[in-house]
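Position in the sequence shown (first residue = 1) + 56 = the working numbering.
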Amino acid sequence: MQEFFRQLKIQRWDDHRYYHHSRINQLLHLISAISFLVAYGLLFVDPAMAALVAWLVSMTTRQSGHFFFEPLGYDEVNQATQEHKEAIKVGYNLRRKIVLLAIWAGAPVALLVDPALLGYFEPHTNLESLARHTGELWLIIGAGGLLFRTVHLFFLKDVMAGLVWMTKILTDPVHDIYLYHKAPLALLRGELIEPRPNMDHAPT
């Protein structure tokens with residue numbers, strides 16, 4: 057277990073220092089983390105609604121932070137190119153995220169083309185039933201994406217690396233609140249990029 061938590065700390069630190077320089081991105085991750093915790097709670101009472109919150113609020117804010125606000129050029133802080141960071145990314149790098157988001161965006165389109173989705177659903181009769189069916193599909197896509205990459209890492213690296221990454225993803229909401237709760241105040245001070253000293257040393 058000691059090695060498990062050591063690897064978890066390394067994956068979390070690499071993710072932070074390589075992909076979370078922007079204070080706007082950190083703020084969006086804070087919003088995403090809070091809404092993910094809401095979605096976790098909804099899973100026990102309304103899974104379809106949980107998926108709608110997770111994808112429409114949590115994932116939208118999280119990924120827009122990466123795509124639109126995070127510096128994508130040469131990383132002076134870590135002395136690394138964007139290509140290098142993307143190549144060593146343990147989880148979903150930008151290219152893999154685009155594929156996953158394309159599948160996500162295609163789900164409601166598939167329901168519009170075939171409301172029964174090859175007999176899986178009772179055809180939707182109104183906007184609410186369409187939204188709930190979409191939520192159920194998005195829940196499957198989210199769980200499938202998590203399990204697929206976890207098992208993929210079993211073969212690319214080892215079983216522990218996959219389980220560590222899955223644990224990181226599932227606990228990211230709590231950890232992101234811990235890391236980025238000061239981002240709103242930093243932005244109010246006009247600080248758009250986290251200072252280098254904060255990126256040089258892993259958080260304890």
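Note that the Cβ used here is the ideal one computed from N, Cα and C, for glycine as well.
These figures come from a predicted structure and were not determined experimentally.
Relative to the alpha-carbon of residue i, which residue among the options has its alpha-carbon at the smallest distance?
i: residue 226; options: 96, 237 and 72; result: 96
i: residue 172; options: 158, 153, 193 and 152; result: 193
i: residue 176; options: 189, 165 and 182; result: 189
i: residue 75; options: 146, 180, 196 and 61; result: 146
i: residue 154; options: 136, 191, 201 and 166; result: 201
i: residue 191; options: 165, 214 and 205; result: 165
i: residue 110; options: 134, 198 and 228; result: 198
i: residue 196; options: 156, 185 and 209; result: 156
Which same chain residues end up closer than 8 Å to residue i when comparing Cβ atoms and leaving out the 5 residues on each side of it in sequence?
i: residue 59; result: 216
i: residue 240; result: 83 and 86
i: residue 137; result: 130 and 131
Given a threshold of 16 other Cβ atoms within 10 Å of its Cβ, counted over all protein chains shown, does residue i qualify as buried or as exposed?
i: residue 57; result: exposed
i: residue 119; result: buried
i: residue 129; result: exposed
i: residue 182; result: exposed
i: residue 179; result: exposed
Looking only at its chain, what residues have a beta carbon closer than 6 Å to the beta carbon of residue i, apart from the 5 residues adjacent to it on each side?
i: residue 259; result: With a pLDDT of 48 at residue 259, under the threshold of 50, the predicted position of this residue should be treated as unreliable, though the coordinate-derived value follows. So no residue of the chain qualifies.
i: residue 81; result: 121, 125 and 126
Which same chain residues end up closer than 7 Å to residue i when comparing Cβ atoms and leaving out the 5 residues on each side of it in sequence?
i: residue 211; result: none
i: residue 64; result: 220, 223 and 224
- Would you mind listing the alpha helix (DSSP H) stretches within the segment 82-166 that are 4+ residues and don't spill past its ends, in chain order? Listed in chain order, they are 103-109, 116-120 and 138-144.
- Query: Pairing CB atoms from the segment 87-105 with CB atoms from the segment 242-254, are three or more of them under 8 Å?
  - Reply: Result no; under three Cβ-Cβ pairs closer than 8 Å.
- Query: Using 8 Å as the Cβ pair cut-off and three pairs as the minimum, do the segment 152-162 and the segment 207-221 touch?
  - Reply: Output reads no: the segment 207-221 does not touch the segment 152-162.
- Message: Which runs of the alpha helix (DSSP H) at least 4 residues long sit entirely within the segment 172-220? Give them in chain order.
- Response: Scanning the segment 172-220 from its first residue to its last, the whole alpha helix (DSSP H) runs of 4-plus residues come out as 183-212.
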